[in-house]
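Please read the structure below before turning to the comments.
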Amino acid sequence: MRKKVLDVIRKGKKIETSHFIWYIGKSENLKIGFLLNRLCGNSVSRNRLKRFLRLLIRENFTTGDFVIKVKSECADLEKEEVKKEWNDFLRQIS
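The numbers in my numbering rise by one with no breaks, and the one at position 33 of the sequence shown is 53.
Here it is, written out as structure tokens:
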């Protein structure tokens, strides 16, 4: 698993927004990984953020490897802010 994540980070496309760094690799299946630490809030807020990001990715993509690195200043992100960054990400990817 770690090898695949490092592979996506090294060889994939990198897109940076204000709170996230998105790494995208090509794959036949949809796989999503997260890199975040305790500075991103408690476990409840971290898991809520991961669930919401997974939902956004699954609604828009059917294939690909995604590794999302969450920057440490994300502890108080609201869903509206995450959606705004998601739209920025989609604009940059197309």
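Glycine included, C-beta positions come from ideal geometry on N, C-alpha and C.
These figures come from a predicted structure and were not determined experimentally.
- Contact between I113 and I35 holds: CB atoms are separated by about 6 Å, below the 8 Å threshold.
- Scanning its chain for C-beta atoms nearer than 6 Å, with the 5 sequence neighbours on each side dropped, one finds around K70 the residues F54, in chain order.
- Cα atoms of T37 and T82: separation of roughly 22 Å, rounded to the nearest angstrom.
- If you look at L50, you'll find it in the beta strand (DSSP E) that goes L50 to L55.
- Listed in chain order, the alpha helix (DSSP H) runs fully inside the region 37 to 86 are 63 to 80, counting runs of at least 4 residues.
- Per DSSP, E98 is not a residue of any alpha helix (DSSP H), being assigned neither H nor E.
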